[in-house]
Amino acid sequence: MVPSPFPLHRNCAACYRPPMRTLRLASFGVQGSIGDGLTPDIVIDFAAAFGTFLERAPVLVGRDTRQSSRMLHSAVLSGLMSTGCNVIDLGVCPTPMLQFCVPEHGAAGAISISGGHSPMGINAIQLIGGRGAYIEPVVGETVLDIYHARDFSYAPWNQIGKVSRLQDFSRTYFDRLAALLDVDAIRKAAFTVVIDPVNGAGSPYIRPFAECLGLRLIPVNDVASGHVARDPEPRPRNARQVAALMQHIPADIGMISSSDMGRLSVVSEIGETASEEYTLPIIANHVLAKRTGVVVTNCCTTRTVDEVAKRHRATVVKARVGQAFISSALADENGVLGGEGNGSVALPEFNRGFDAFLMMGLILEAMAVRRATASALIADLPRYHIVKQQVAGETHRGYRALERMAESTEWREDGTLSNLDGLRVDWPDGWLHLRASQTAPIVRIISEAETIPVAEARALTAARLLEHLL
Amino acid sequence: MKDYLKVGISGVRGIAGETFTPQLASAFARAFGSYGGRGSVLVGRDTRASGEMFEHAVIAGLQSTGCQPILAGIVPTPTLLFLTRQLAARGGIAITASHNPAPWNALKFIDDTGLFLSLARAGEFYDVYHQGEFKLVPENEIPGATVLADPMAGHIATILNYVDTDAIRRAHVRVAVDCCNGVGALHTRPFLEKLGCEVFTCGDRITGDFERDPEPAPENLATLSALVRDHRCAIGFAQDPDGDRLALVNEDGVPIGEDLTVAFAVRQVLDHHVRGPVVVHLSTSRCVRAVAEARGVAVHLSRIGEINVTEKILAIGAAVGGEGNGGIIVPAIHPCRDSFAGMAIVLELLATTKKSVSALRAETPSYFMVKDKLTIRSEAAVGILRAIRRRYEKEELTLIDGVHVDFGDRWLHVRMSNTEPVLRLTAEAPDEARARALVNDVRAEIAKM
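Put into structure tokens, the structure is as follows:
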């Protein structure tokens, strides 16, 4: 948790760590803690529910390197096979690469097994639809219904699914990525790059990536061992190791990802650990200059995205929080680019999934084409200041408290209110977002403004009122 | 019965995708991991279409309890039992429904001594399953699965070390084998070639299905008989899908009956290896007893079920034993039914006696066995068994497993099956008429009720 600049006693973010829920079933898949809520039985059931939904069509399966991912992988295979789905197994595979392969191989869908950005001990299986995006939330509801009714359509003994192993899938992926990027420019720039894939699914693939773009690679935490070497959320406090390394070994840029290669944050050549909020605007600033259109983001991402879009005459569409909602809105709006403030970007023209290899490629392309350093790319963005806070409270109370806060106007003065996902207030110089967490009994507060004191003051006001209401 | 699931001393058995699902397999594996405690667990399977699916479910279940799965892949059940002991594993899970038809599959549980769970241990284990509170280990204690590189090596070496390999090799036996599209399709030819045999095979493709009824009973061995005749083989071997049972076909292509496998093995072990008591189960042919008694050793009878025979063998220190269905057990190799040990010992018998299969058959006293069964509810069976017991109370009765009646040169055994909802009626006499008369007598008794 981020150390709070203003302690709030029992809700002090620095000293309070809320217990994670042990199991969460949602339309996107299942997330839970290992040794507790997320058992192989539940995962077999969930895979069998997805297999039942897919009616014996072929399914891709990939996993990250975590120790429990091997177990969940076996559980997923048996569940899918039991419903007559043939499985094309990719083994250790970053989630975006798996998403890329779904349309490439004409699969009906995929299951990704990855702890993603969650700490060690939490793992998840994600359902991916036929076009490589997270399955649409409404479709996921159908799978959940099958799961709850245990209405599995098991294949008869002689039609049980078979497993085949897909080799070399990364070659097509990198070929296509190279075709998308200005590889000549990147190669000519001969960048030295530090990449830290947190010993996750990206580990075996950062070398081919570096070769593809002619990078001099300095790998960190690139052993596919399952050992989660640091908090896998790509954000400044988790980029310290990379930043420290770059003090001694000069590099043009450092990049850290989550276990599944779905999120990325950047360390500049001068060792500045940029907020994960800047990954999307850096890329938007580059991509929209070439081709403008609709950008999709969620309702609690930095306003920098809006400013960058305005700069390039692009439209911003706000969706609910989560990759599934962003992907869905990207498809609805025929968007050029999408992403979230947690360090994720998707470019539907290339891949419907949030893709850290794509993010790295686009950032390097921006540096090469614009002849700009990483710090210059960051400096080119309008800067706001974000404060993230949390208040402890059971989720059901959280929702009620948010309703009450929506009714009251005194704390938000002239701000305009929206309730697409949680509660968002927009002022001319900033915004504040309140949302009951889906994974822990807390309400998250994100406040952004032109100055830190304003952002903090607004967060404090909201937190005090919430504390009172919870 | 279509929707049938059987949980008992023979493991957990059902029809894949109907009564037996990966969820169930995973839950039993979790229970097994919780029951046995942390350690390595051997996992192997036969060639059934559902095998890989159940294997994955078992792997996941074991890992969740902190048990490391050691994957032997497609191996004979006797090899898996052997490996469990050899590798000093915590236990093993064999994914095989043995001689049941292809739609069936089962989990069979092996303890840390390399034997199937005994009745008492099976009881404890099922209690753990039913209580449903399975051990779960945290992320950093979840083990990976290990794949065994050459799972057959130790088992095969032990067999080759036991028999007179040189004598067998010198004999250059022409052998036909029906592998039943089972584990033998992978392992039998290399094994027999090590023994210097010229090998002809059928049922040697792995398809997930079986070309013949998987019981190696005489009526199912037409293809093997033709193979023996076409290639002028000295002997034909018929295995079941998981390679624990063995039936023999003579040089004219005639099946000689599964009981003769045991009779031959008993003869060879007693004559050539070690003299000592013999254990067979209650429904085994009297020809085995004749062979043993001719050599001056006692025959002990056990309950039906491999583990019961094994336990008796170990308890009395028997030299050899087996089940009349073609499951020979040589404790010096490993105390379980083993078609590979069976093939080696029968080949050794041919090589050392220099006699043909039909000549050896002729030297073994002949009996006629009638096997009948009645589909029945278990509560009805209880009454029937009591009635039969009263009917024959003046005869020599053995009551350890159903009712076994000994009439001197004939016997009758009536019992409830461990694997199916049927009452098995078995009788044996020197000729068919007297054997049938015994079964008809029982059927008449049942009809009266």
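Protein chains in written order, with our numbering: chain A, 11 to 480; chain B, 160 to 608. Here a beta-carbon is modelled for each residue, glycine too, at the ideal position from N, C-alpha and C.
Quick check on residue i - is its C-beta less than 8 Å from some C-beta in chain B?
{"i": "alanine 85 of chain A", "result": "yes"}
{"i": "tyrosine 157 of chain A", "result": "no"}
{"i": "proline 166 of chain A", "result": "yes"}
{"i": "glycine 72 of chain A", "result": "no"}
{"i": "proline 451 of chain A", "result": "no"}
{"i": "valine 208 of chain A", "result": "no"}
{"i": "valine 305 of chain A", "result": "no"}
{"i": "serine 269 of chain A", "result": "no"}
{"i": "leucine 18 of chain A", "result": "Model confidence at leucine 18 of chain A stands at a pLDDT of 38, short of 50, so the residue's coordinates are unreliable; what they give is reported in the following sentence. Taking Cβ atoms only, chain B never reaches closer than 8 Å to leucine 18 of chain A, which makes this a no."}
{"i": "valine 173 of chain A", "result": "yes"}
{"i": "serine 122 of chain A", "result": "no"}
{"i": "serine 213 of chain A", "result": "no"}
Would you tell me roughly how many angstroms separate the C-alpha atoms of residue i and residue j, rounded to the nearest one?
{"i": "serine 185 of chain B", "j": "leucine 405 of chain B", "result": "31 Å"}
{"i": "glutamate 92 of chain A", "j": "glycine 173 of chain B", "result": "The sequence given here has serine at residue 92 of chain A, not glutamate. Approximately 14 Å between the Cα atoms of the pair."}
{"i": "lysine 165 of chain B", "j": "threonine 578 of chain B", "result": "7 Å"}
{"i": "proline 147 of chain A", "j": "glycine 119 of chain A", "result": "14 Å"}
{"i": "proline 451 of chain A", "j": "leucine 64 of chain A", "result": "34 Å"}
{"i": "arginine 574 of chain B", "j": "glycine 561 of chain B", "result": "4 Å"}
{"i": "tyrosine 183 of chain A", "j": "proline 106 of chain A", "result": "10 Å"}
{"i": "threonine 62 of chain A", "j": "tyrosine 164 of chain A", "result": "8 Å"}
{"i": "arginine 388 of chain B", "j": "lysine 513 of chain B", "result": "20 Å"}
{"i": "leucine 676 of chain B", "j": "valine 516 of chain B", "result": "No statement about residue 676 of chain B is possible, as the shown extent of chain B runs from 160 to 608 and does not include it."}
{"i": "leucine 429 of chain B", "j": "arginine 454 of chain B", "result": "8 Å"}
{"i": "alanine 393 of chain B", "j": "cysteine 356 of chain B", "result": "10 Å"}
{"i": "leucine 133 of chain B", "j": "glutamine 398 of chain B", "result": "Beyond the ends of chain B as shown, which are 160 and 608, falls residue 133 of chain B; an answer cannot be given."}
On a CA-only basis, which of the options is nearest residue i? Give me that one, please.
{"i": "valine 204 of chain A", "options": "A:Ser338, A:Ser267, A:Ala188 and A:Thr311", "result": "A:Ser267"}
{"i": "alanine 588 of chain B", "options": "B:Ala606, B:Thr255 and B:Ser525", "result": "B:Ser525"}
{"i": "glycine 481 of chain B", "options": "B:Glu417, B:Ala376 and B:Thr238", "result": "B:Glu417"}
{"i": "asparagine 133 of chain A", "options": "B:Asn299, B:Gly170 and B:Ser384", "result": "B:Asn299"}
{"i": "histidine 10 of chain A", "options": "A:Ser78, A:Gly45 and A:Val69", "result": "In the structure as shown, chain A begins at 11 and stops at 480. Residue 10 of chain A is therefore absent and cannot be evaluated."}
{"i": "alanine 603 of chain B", "options": "B:Val217, B:Ile547 and B:Ser576", "result": "B:Ile547"}
{"i": "leucine 239 of chain B", "options": "B:Thr224, B:Cys226, B:Ala279 and B:His314", "result": "B:His314"}
{"i": "glycine 39 of chain A", "options": "A:Val318, A:Ala382, A:Thr202 and A:Leu154", "result": "A:Leu154"}
{"i": "threonine 382 of chain B", "options": "B:Cys361, B:Leu242, B:Pro373 and B:His572", "result": "B:Cys361"}
{"i": "glutamate 466 of chain A", "options": "A:Gln177, A:Asp424 and A:Ile396", "result": "A:Ile396"}
{"i": "glutamate 420 of chain A", "options": "A:Ser174, A:Arg273 and A:Arg468", "result": "A:Arg468"}
Give the interface partners of residue i over in chain A, defined as CB-CB distance under 9 Å, in chain order.
{"i": "glutamate 298 of chain B", "result": "Ser43, Ile44, Gly45, Arg76, Gln77, Ser78, Gly125, Met130, Gly131, Ile132, Asn133, Gly236 and Val238"}
Output, in chain order, the set of chain B residues within a Cβ distance shorter than 9 Å of residue i.
{"i": "aspartate 55 of chain A", "result": "Gln182"}
Verify the CB distance criterion: does residue i have a CB-CB separation below 8 Å to chain A?
{"i": "histidine 215 of chain B", "result": "yes"}
{"i": "glycine 176 of chain B", "result": "yes"}
{"i": "alanine 128 of chain B", "result": "Here chain B covers residues 160 to 608 and nothing more, so residue 128 of chain B does not appear."}
{"i": "lysine 165 of chain B", "result": "no"}
{"i": "serine 185 of chain B", "result": "yes"}
{"i": "serine 199 of chain B", "result": "no"}
{"i": "isoleucine 301 of chain B", "result": "yes"}
{"i": "glycine 282 of chain B", "result": "no"}
{"i": "alanine 253 of chain B", "result": "no"}
Within 10 angstroms of its Cβ, does residue i collect 16 or more other Cβ (buried), or is it exposed?
{"i": "lysine 267 of chain B", "result": "buried"}
{"i": "glutamine 222 of chain B", "result": "buried"}
{"i": "glutamate 283 of chain B", "result": "exposed"}
{"i": "glutamine 41 of chain A", "result": "buried"}
{"i": "threonine 461 of chain A", "result": "exposed"}
{"i": "proline 349 of chain B", "result": "exposed"}
{"i": "serine 305 of chain B", "result": "Note on identity: in this sequence residue 305 of chain B is threonine, with serine being the wrong assignment. Exposed."}
{"i": "arginine 393 of chain A", "result": "exposed"}
{"i": "threonine 283 of chain A", "result": "buried"}
{"i": "glutamate 522 of chain B", "result": "exposed"}
{"i": "lysine 398 of chain A", "result": "buried"}
Can you pull the chain A residues whose beta carbon is under 7 Å from the beta carbon of residue i, in chain order?
{"i": "serine 223 of chain B", "result": "Thr49, Pro50 and Met81"}
{"i": "aspartate 368 of chain B", "result": "Asn168"}
{"i": "proline 262 of chain B", "result": "Trp167"}
{"i": "leucine 295 of chain B", "result": "Gly45, Asp46 and Thr49"}
Give me the chain B residues within the contact set of residue i, using Cβ-Cβ distance strictly less than 7 Å, ordered along the chain.
{"i": "glycine 224 of chain A", "result": "Going along chain B, no residue has its Cβ under 7 Å from glycine 224 of chain A, so there is no contact; the nearest lies around 35 Å."}
{"i": "glycine 89 of chain A", "result": "Pro181"}
Got a sec: is the Cβ-Cβ distance from residue i to anything in chain D below 8 Å?
{"i": "glutamate 211 of chain B", "result": "The chain inventory of the structure shown lacks chain D, comprising the protein chains A and B."}
For residue i, which residues in chain A fall below 8 Å Cβ to Cβ?
{"i": "isoleucine 218 of chain B", "result": "Met81 and Ser84"}
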